[in-house]
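Residue numbers (full-length UniProt numbering): 1 to 90. Yeah, the Cβ is synthetic: ideal placement off N, Cα and C, and Gly gets one too. Report on the following structure.
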């Protein structure tokens, strides 16, 4: 019976509109203006071909490896796990 009253009270409290009005206004900054660079444009033409060896044996052109690291688990092993940072698997 008490659970019924508690749930009715919580439902009524959730249905009442909040009277909280935020007073904080985000600051607005002027757009940054940078001076033009003082160095001249290069006088040599850019090559119209890719660098030699850049597409050599490129079987997976859509995949780009940006970094690699040797991550260790808490127990010191490098065994892969599907668990995320909270150690729960999904």
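Straight-line gap, residue 34 to residue 44 (C-alpha atoms, nearest Å): Working through the chain shown from its first residue, we reach residue 34 at position 34. Working through the chain shown from its first residue, we reach residue 44 at position 44. Those two C-alpha atoms are separated by around 26 angstroms.
field: Coarse secondary structure for residue 11, derived from DSSP in three states
entry: By one-based count along the chain shown, residue 11 stands at place 11. Helix, per DSSP.
query: When DSSP labels each residue in this structure, what does residue 6 get in the three-state scheme?
result: By one-based count along the chain shown, residue 6 stands at place 6. Residue 6: helix per DSSP, three-state reduction.
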